[in-house]
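*Asks:*
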Amino acid sequence: MNKNNILITFIVAAIVVAAVCLYLRPKMDANPSTPGTSTSIIDTAWTWQKTVFADGKEIVPKDPSRFEIVFNADKTFSSSSDCNRMSGGYVADGEILSIGPVAMTKMFCNDAVHESEYAQELSRATSHVIEGDELRIKLLKDSGTMIFARAESAETKPAETIATSTPVNLNGSTFRLASYNGTAIPTSEKYTVTFESGKVSAKFCNGMGGEYTLKNGNIKANLIGTLMYCAEPANVMAYESAFGSIMANGTLAQSGSTLTLTGADGKQMVFNVFMD
10 MNKNNILITF
20 IVAAIVVAAV
30 CLYLRPKMDA
40 NPSTPGTSTS
50 IIDTAWTWQK
60 TVFADGKEIV
70 PKDPSRFEIV
80 FNADKTFSSS
90 SDCNRMSGGY
100 VADGEILSIG
110 PVAMTKMFCN
120 DAVHESEYAQ
130 ELSRATSHVI
140 EGDELRIKLL
150 KDSGTMIFAR
160 AESAETKPAE
170 TIATSTPVNL
180 NGSTFRLASY
190 NGTAIPTSEK
200 YTVTFESGKV
210 SAKFCNGMGG
220 EYTLKNGNIK
230 ANLIGTLMYC
240 AEPANVMAYE
250 SAFGSIMANG
260 TLAQSGSTLT
270 LTGADGKQMV
280 FNVFMD
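Last residue of the sequence shown: 285 in the numbering used here, with the numbers rising by one and none dropped.
1) Which full runs of the beta strand (DSSP E) of 3+ residues lie inside the region 60-145, going along the chain?
2) Suppose contacts are defined by Cβ-Cβ distances below 8 Å. Is I50 in contact with F76 by that definition?
3) Which residues mark the beginning and the end of the beta strand (DSSP E) in which Y189 is found?
4) Under a Cβ-count criterion, where at least 16 other Cβ atoms within 10 Å of its own Cβ denotes burial, should S206 be classed as buried or exposed?
5) Just the Cα atoms here: how many angstroms apart are W55 and Y127?
6) For E143, verify whether its CB is less than 7 Å away from any heavy atom of the ligand ADP.
7) What does the alpha-carbon distance come out to for the pair G275 and E130?
8) Please return the same chain residues whose Cβ sits closer than 7 Å to the Cβ of L261, not counting the five positions on each side in sequence.
9) To which residues of the same chain is D91 closer than 8 Å at the C-beta, ignoring the five residues directly before and after it?
10) Hey, how far is the Cα of N281 from the Cα of A160?
11) Three Cβ pairs or more, each shorter than 8 Å: is that satisfied between the region 150-158 and the region 94-114?
12) Would C30 be called buried (16 or more neighbouring beta carbons within 10 Å of its own) or exposed?
13) Under DSSP, the beta strand (DSSP E) around S210 begins and ends at which residues?
14) Please classify N244 as buried or exposed, where buried requires at least 16 neighbouring CB atoms within 10 angstroms.
15) Starting from the N-terminal side, write out each stretch of the beta strand (DSSP E) that is 3 residues or longer and does not extend beyond the region 214-250.
16) How is the beta strand (DSSP E) around L261 delimited, first residue to last?
17) Is I255 helix, strand or coil by DSSP?
18) Under the three-state reduction of DSSP, which class applies to L270: helix, strand or coil?
19) From which residue to which residue does the beta strand (DSSP E) around G153 run?
20) Could you check the C-alpha separation between D64 and A134 for me, to the nearest Å?
This is the structure:
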């Protein structure tokens, strides 16, 4: 074989190798993630930006920062809306995603506009995909897509809202009863509950306390207290009885410095951090 044939053979071999390498090289993602961002839905706060339906209809929340959802590693999720708190389980396998059943607190808010639609749409999730800082959840029968943004990237969420939405540390904190079943409690009436090292204590007419457990939003405590009767302030005994019932078998939802306790009968007590 002369030198020219050897050179031609070498060039052809090089071209073949290069072509094979290009063919085997993984295709670049058409929608690459932002450098440094996670491609997992877990342990990231997502804010609902809008839902786009197959018929062209759109639902856009007035304040996306109020609709925040977090998927936990233990296959549970927690979410806020423009009024209540939601929680439940989810299953994620590849792009497949199912959410629910969705449990929700039962506060009434005059300005709650899209809460029921939001909860219903979550329960109709079938799959998801993350594109950069955007989470898209597809709904049953390709009827629409819920679009979320990473909380820290959502332009519609002011920095001060992010700061105040961070839950205060439950352990070591005292909260004052602010409302009962939607009725505001006068600030002069200081009914309080304190959480400390696995124990809860409260003061209404009587003082009471005991150990408590809190798991996936469900709270349980065996309370022991004094047995006085107080005629005043008005309704104090009703508040005390409701608190005892909720702590026996209820739910606790926390949003920033606010706690919402809900009983199996739907009665609800809202507490704010107490600064004496």
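Don't be surprised by glycine CBs; every beta carbon is placed ideally from N, CA and C.
Fair warning: this is a prediction, and the values are worked out from it, not measured in the lab.
*Replies:* The answer reads as follows:
1) If you keep only unbroken beta strand (DSSP E) runs of at least 3 residues inside the region 60-145, you get 77-80, 85-89, 94-102, 105-113, 134-140.
2) F76 is positioned such that its CB atom lies no closer than 8 Å to that of I50.
3) Segment 182-189, the beta strand (DSSP E) holding Y189.
4) Burial call: exposed.
5) Taking the straight line joining both Cα atoms gives about 13 Å.
6) Looking at this structure, you won't find the ligand ADP or any other ligand, since it has none at all.
7) In this model, G275 and E130 are separated by some 23 Å (Cα to Cα).
8) For L261, where only same-chain residues beyond five positions count, the Cβ hits under 7 Å are L223, G226, I228, L268, L270.
9) Cβ neighbours of D91 beyond the five flanking positions: P70, K71, D72, R75, F76, C118, D120, A121, V122, H123, E124.
10) Rounded to whole angstroms, the separation of the alpha carbons of A160 and N281 is 24 Å.
11) The count of Cβ pairs closer than 8 Å, one atom from the region 150-158 and one from the region 94-114, stays below three, leaving the stretches out of contact.
12) Any reading at C30 needs caution, since the residue's pLDDT is 48, under 50, leaving its predicted position unreliable; the model's value is listed next. It counts as exposed.
13) 208-212 is the extent of the beta strand (DSSP E) around S210.
14) With fewer than 16 other beta carbons inside 10 angstroms of its own, N244 counts as exposed.
15) Listed in chain order, the complete beta strand (DSSP E) runs (minimum 3 residues) inside the region 214-250 are 216-224, 227-230.
16) Unbroken beta strand (DSSP E) run through L261: 259-264.
17) Assignment of I255 by DSSP, reduced to helix, strand and coil, places it in the helix class.
18) Correct three-state label for L270: strand.
19) Counting along the chain, the beta strand (DSSP E) containing G153 begins and ends at 153-159.
20) Whole-angstrom Cα-Cα distance: 17 Å.
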